[in-house]
Amino acid sequence: MVSNLIVQRTREIGIRMALGSSIRQAMIDVGSTGIVAAGCGLIAGLALSFVALRVLRSELYGIRDYDPLTLMAVPVVIAIIAVAASFLPTLRITRIDPAVTLRME
Numbered sequence: 704m705v706s707n708l709i710v711q712r713t714r715e716i717g718i719r720m721a722l723g724s725s726i727r728q729a730m731i732d733v734g735s736t737g738i739v740a741a742g743c744g745l746i747a748g749l750a751l752s753f754v755a756l757r758v759l760r761s762e763l764y765g766i767r768d769y770d771p772l773t774l775m776a777v778p779v780v781i782a783i784i785a786v787a788a789s790f791l792p793t794l795r796i797t798r799i800d801p802a803v804t805l806r807m808e
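The letter at position 30 of the sequence shown is residue 733 when you use our numbering, and the numbering goes up by one with no holes.
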């Protein structure tokens with residue numbers, strides 16, 4: 704998602720950098736979109752997992768229905784992957800040359 708967003712907004716990012724925006728600010732603007740989307744997905748996934756555990760409680764025989772280690776570890780791992788997946792494509796912003804971007808019209 705973030706990689707596609709950068710490709711679509713290359714001209715906009717180049718113009719912002721030509722007008723004085725820093726590379727750091729451009730990376731934060733684009734990368735935060737992916738992190739917010741991942742955060743919303745994590746919240747929705749946790750809420751749905753609690754609902755699913757309540758529904759499956761009657762089906763789970765001899766197994767604890769709430770495993771705190773799993774319910775804490777999985778979102779942390781997913782959050783780390785989401786941050787990496789948002790950060791790595793934003794490194795492409797460092798290769799955008801504002802002069803080339805302005806001439807591409």
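Even for Gly, the Cβ is constructed at its ideal location relative to N, Cα and C. On a predicted model such as this, the values are computed, not experimentally measured, just so you know.
- Fewer than three pairs of CB atoms, one per stretch, sit closer than 8 Å, so the segment 778-787 makes no contact with the segment 716-727.
- Unbroken beta strand (DSSP E) stretches of 3 residues or longer found wholly inside the segment 738-773: none.
- Per DSSP, the continuous alpha helix (DSSP H) segment holding Gly-717 begins and ends at 713-721.
- Between Pro-801 and Ala-721, the C-beta spacing is below 8 Å.
- For Ser-789 against Ile-746, the beta-carbon gap comes to about 16 Å, at or over 8 Å, which does not count as contact.
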